[in-house]
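Reviewing the structure listed below.
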Amino acid sequence: MGSISHGAFVQQLHHSFSTHGSEALMTRARRRRLIAESSERSGTNSEAFVQDLAAGRQEWRDWANLTSELVEDIAGRLLSDDVSEYYRFRAVCRPWRDHTADLRARGALDRRFRPRNWVVLTISPDAGPRRRVINMATAASLSVNLPALTTHCHLGAVDGLLVLFHRITKAICLLDPLNNAVTEFPAISISSIMATVPPVMAYHFSMFFRSPNSLNGHSINGACLDESTSPPTLVLCMRDDQSCIIVAKPGDPHWTLVNQGKLYHSETMGRVMFHSLLSQGGRCYVASLEGSIFLVELGPLPQLVKIIDQHQHATRDAILYIRIISYLVGGSNGRMLLVRYWRNVEHFGGRGAYNQTQLFTVGGVTGRIEVSEVDIAGRTLIPVRSLGHYAAFVGMTHCMLVSTKTFPSIVADAIYLGYSYQLSRKFSIYYLKTRRAEPPHEFVLDENQRVVPCARPCNLDQYLVCYVDRKHRLSGPCINHVGHYFLRHSISD
C-alpha cells in the first residue's frame with residue numbers, strides 16, 4: 001500500500017486520535033473553517049478549494065510513509081487508550097505494522113497489551129466458537145471468532161485473557177480473545193502438582209493427593225496473574241473438595257501448591273474455604289468465606305500471608321452451611337473493596353446486635369450486606385456507605401465494578417448477585433441506599449441444556465450475572481461445551 005486517502009484515514013482513526021488532541025489530523029469541516037478564516041485575513045480566494053471539499057473530493061497524503069518515530073508515538077497513544085485501538089492502527093497498512101510491535105509474537109502475558117477492559121459474554125446464541133466481547137470501559141462491542149473454544153473448556157478469565165482447559169491433554173492455557181494468541185502452562189494432574197513445604201496439618205493434604213478422582217480441571221474457578229515474577233505467574237483457585245491454590249509460570253515443569261500453613265478454619269474442615277480472588281497492583285489476593293484476606297506470596301516458597309483477620313466469624317456452622325459470603329472487588333482508582341453478605345443475622349448475634357436500618361429480609365430470612373474498603377497497609381476494613389455511580393457484580397468466577405455512566409441500564413449504588421447464589425439466596429439486586437432487594441432472575445435450560453435467563457433477549461445485567469458465575473447446581477462444568485453438562489472427566493495419571 002503506497003498511499004492512503006485522507007478521507008479513509010480519518011474515517012478509521014479520527015475518533016482515537018482526536019482524544020489525544022492531534023493537530024496533524026483534522027476533519028474536513030475544521031479544515032474548511034481554517035481555510036475560510038485564512039482567506040479572510042489574507043484576502044485570497046479559496047472558494048474553489050472549499051467547493052472541492054464540500055463536493056467530497058479527497059486530498060491524498062502519503063500516510064503510509066510517516067516517520068517511524070511518529071508511527072510509534074501515535075501507536076503508543078492509542079495503546080494507552082485501549083489495546084483494540086492499537087490493533088486497528090496496525091491494520092491500516094504494512095509500513096505501520098513494520099514500525100510497531102506484533103502482539104501475537106510477544107505472547108498474551110505482556111501487561112501492556114492485555115485486553116483487560118474486555119469481557120467475553122458467556123451467553124451466546126452461536127453454538128460455534130464465535131463470541132460477543134464487550135468493553136466495560138467504553139461500551140464498545142465486537143464479534144470475535146475463537147477457534148480454541150472448539151477444543152478447550154472455557155473456565156473463566158483474568159485481565160481479559162480466557163482461562164482454557166484441554167480435557168485430553170489436561171493442559172491449561174491463556175487465550176487473548178482479540179488476537180487469539182495463546183500462552184501455554186503445565187498440564188494439571190496429581191503428578192504435576194508439587195508441594196514445596198510440608199503442611200502443618202496433613203489431613204487435607206494427604207486426602208488431596210490420595211484421591212486422584214477428586215482432582216478435576218473443571219474445579220478451577222477463579223484466576224489471578226501475579227506480576228512479581230517474570231514472566232508473570234498464573235494463580236488458580238480449585239474449588240469443590242480441593243479448596244486449594246496452585247501456581248505456575250509458562251515453561252514451568254509443574255504446578256506448585258500454595259502452602260496454607262496454619263491458616264485453617266478448623267481441624268474438621270482442614271483447609272481455608274477460599275471464595276474470591278483478585279489481581280490488584282500486580283499481586284494476587286484471596287478472600288475466604290468469612291472475609292479474611294490473604295496475599296499469595298510466591299517467594300521464596302509459595303504461601304499465604306494474612307492481611308485481614310476475620311476468623312472470629314468463621315464458626316464451623318457458618319462455613320459449613322455458607323451463612324457468610326465475601327467477595328473481593330477491584331474498585332475505582334485502584335481501591336480494593338470487600339463485599340460481605342451475612343445470610344441470617346440470627347446466627348451472628350441476632351437482630352438486636354445490628355442497626356435495624358442495615359438489615360433486609362428476603363423469604364423470611366433477615367440478612368445484612370456490607371461494603372468495606374480494604375486498607376492493605378493498615379490491615380483493616382474501612383466501611384463504605386455508597387458506591388456512587390457504580391454497581392458491583394459479584395460471583396465466584398469474577399467480580400467487577402461497572403460504571404452506570406457508561407451503562408445507564410445498570411442501577412447505581414447496588415450489588416448484583418451472580419446467578420449461582422441468586423437461586424438459593426432468593427434475591428438478585430441489593431440497593432445500598434434503600435436497603436431493599438429485588439427478586440432473583442428466573443433461569444431455565446435452553447434447547448442446548450445451557451442455563452440462561454428465562455426472559456430473552458437478555459439485558460446487560462443478565463449477561464453480567466451469568467459472566468461472574470460460571471457454575472452452579474444446574475450448570476455443567478464447562479461454559480462452552482454442552483456435552484459437559486452430562487460428562488465429567490476426572491484427572492488421573
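In terms of UniProt numbering, the sequence shown opens at residue 1 and continues consecutively. The beta carbon of each residue, even a glycine, is placed where N, CA and C say it ideally should be. Just so you know, these numbers come straight off a predicted model, no measurement behind them.
Expressed to the nearest angstrom, what Euclidean distance is found between the alpha-carbon atoms of residue i and residue j?
{"i": "Arg-90", "j": "Arg-97", "result": "5 angstroms"}
{"i": "Ala-139", "j": "Val-258", "result": "37 angstroms"}
{"i": "Pro-231", "j": "Leu-225", "result": "10 angstroms"}
{"i": "Asn-459", "j": "Arg-379", "result": "39 angstroms"}
{"i": "Gly-331", "j": "Asp-62", "result": "45 angstroms"}
{"i": "Gly-128", "j": "Gln-356", "result": "51 angstroms"}
{"i": "residue 494", "j": "His-154", "result": "Missing from the structure shown is residue 494; the chain here goes from 1 to 493 and no further."}
{"i": "Ser-409", "j": "Val-71", "result": "38 angstroms"}
{"i": "Lys-405", "j": "Ile-190", "result": "47 angstroms"}
{"i": "Tyr-87", "j": "Ala-75", "result": "9 angstroms"}
{"i": "Asp-375", "j": "Val-411", "result": "27 angstroms"}
{"i": "Val-163", "j": "Asp-73", "result": "32 angstroms"}
{"i": "Gly-282", "j": "Tyr-341", "result": "27 angstroms"}
{"i": "Gln-358", "j": "Tyr-419", "result": "24 angstroms"}
{"i": "Ser-326", "j": "Val-339", "result": "6 angstroms"}
{"i": "Gly-251", "j": "Leu-234", "result": "12 angstroms"}
{"i": "His-254", "j": "Thr-434", "result": "50 angstroms"}
{"i": "Ile-134", "j": "Leu-146", "result": "15 angstroms"}
{"i": "Val-120", "j": "Pro-383", "result": "32 angstroms"}
{"i": "Val-402", "j": "Met-136", "result": "7 angstroms"}
{"i": "Gln-260", "j": "Val-92", "result": "51 angstroms"}
{"i": "Ser-386", "j": "Leu-432", "result": "7 angstroms"}
{"i": "Ala-392", "j": "Ile-172", "result": "29 angstroms"}
{"i": "Ser-288", "j": "Val-158", "result": "19 angstroms"}
{"i": "Pro-300", "j": "Thr-229", "result": "11 angstroms"}
{"i": "Ile-319", "j": "Ser-68", "result": "59 angstroms"}
{"i": "His-166", "j": "Leu-66", "result": "44 angstroms"}
{"i": "Phe-103", "j": "Phe-113", "result": "First, the residue type needs correcting, since residue 103 is Leu and not Phe in the sequence shown. Spanning the two alpha carbons is a distance of roughly 7 angstroms."}
{"i": "Phe-407", "j": "Pro-302", "result": "40 angstroms"}
{"i": "Thr-361", "j": "Gly-367", "result": "6 angstroms"}
{"i": "Ile-429", "j": "Glu-442", "result": "13 angstroms"}
{"i": "Arg-131", "j": "Ile-293", "result": "34 angstroms"}
{"i": "Gly-363", "j": "Gln-462", "result": "22 angstroms"}
{"i": "Cys-454", "j": "Leu-142", "result": "25 angstroms"}
{"i": "Asp-469", "j": "Ala-64", "result": "46 angstroms"}
{"i": "Ile-168", "j": "Asn-221", "result": "19 angstroms"}
{"i": "His-15", "j": "Leu-445", "result": "Unreliable positioning characterises His-15 in this predicted model, as indicated by a pLDDT of 42, which lies under 50. The coordinate reading is nonetheless provided below. For His-15 and Leu-445, the distance between alpha carbons rounds to 42 angstroms."}
{"i": "Glu-297", "j": "Pro-186", "result": "20 angstroms"}
{"i": "Ala-181", "j": "Phe-274", "result": "30 angstroms"}
{"i": "Ile-188", "j": "Pro-95", "result": "43 angstroms"}
{"i": "Ile-308", "j": "Cys-466", "result": "29 angstroms"}
Taking the beta strand (DSSP E) that residue i falls in, what are its first and last residues?
{"i": "Cys-173", "result": "171–175"}
{"i": "Arg-131", "result": "130–135"}
{"i": "Leu-225", "result": "220–226"}
{"i": "Leu-423", "result": "Segment 419–425 is the alpha helix (DSSP H) holding Leu-423; no beta strand (DSSP E) there."}
{"i": "Tyr-285", "result": "283–288"}
{"i": "Cys-237", "result": "233–238"}
{"i": "Gln-280", "result": "274–280"}
{"i": "Ala-248", "result": "244–248"}
{"i": "Pro-186", "result": "182–187"}
{"i": "Thr-256", "result": "255–257"}
Could you tell me which residues DSSP pairs with residue i in its beta bridges?
{"i": "Val-384", "result": "Val-371"}
{"i": "Met-336", "result": "Gly-330"}
{"i": "Cys-466", "result": "For Cys-466, which the question treats as bridged, DSSP gives no partner whatsoever."}
{"i": "Ser-68", "result": "For Ser-68, which the question treats as bridged, DSSP gives no partner whatsoever."}
{"i": "Gly-156", "result": "Val-163"}
{"i": "Pro-453", "result": "Phe-443"}
{"i": "Ser-141", "result": "Ile-134"}
{"i": "Ala-391", "result": "Val-402 and Ala-414"}
{"i": "Arg-436", "result": "Tyr-431"}
{"i": "Phe-360", "result": "Gly-367"}
{"i": "Tyr-341", "result": "Ile-325 and Ile-369"}
{"i": "Leu-295", "result": "Tyr-285 and Val-305"}
{"i": "Ile-193", "result": "Trp-255"}
If you follow the alpha helix (DSSP H) that residue i is part of, which residue opens it and which one closes it?
{"i": "Gln-312", "result": "Counting along the chain, Gln-312 falls outside any alpha helix (DSSP H), and DSSP gives it neither H nor E."}
Can residue i be considered in contact with the ligand HEM, in the sense that its beta carbon sits closer than 6 angstroms to one or more heavy atoms?
{"i": "Ile-220", "result": "This structure simply doesn't include the ligand HEM, nor any ligand for that matter."}
**Message:** Ignoring anything shorter than 3 residues, give me the beta strand (DSSP E) runs that lie fully in the stretch 76–127, in order along the chain.
**Reply:** 118–120
**Asked** Does the stretch 345–356 come within contact of the stretch 309–325, defined as at least 3 CB pairs closer than 8 angstroms?
**Response** yes
**Item:** Validate contact between the stretch 332–340 and the stretch 417–425 using beta carbons, cut 8 angstroms, 3 pairs
**Value:** no
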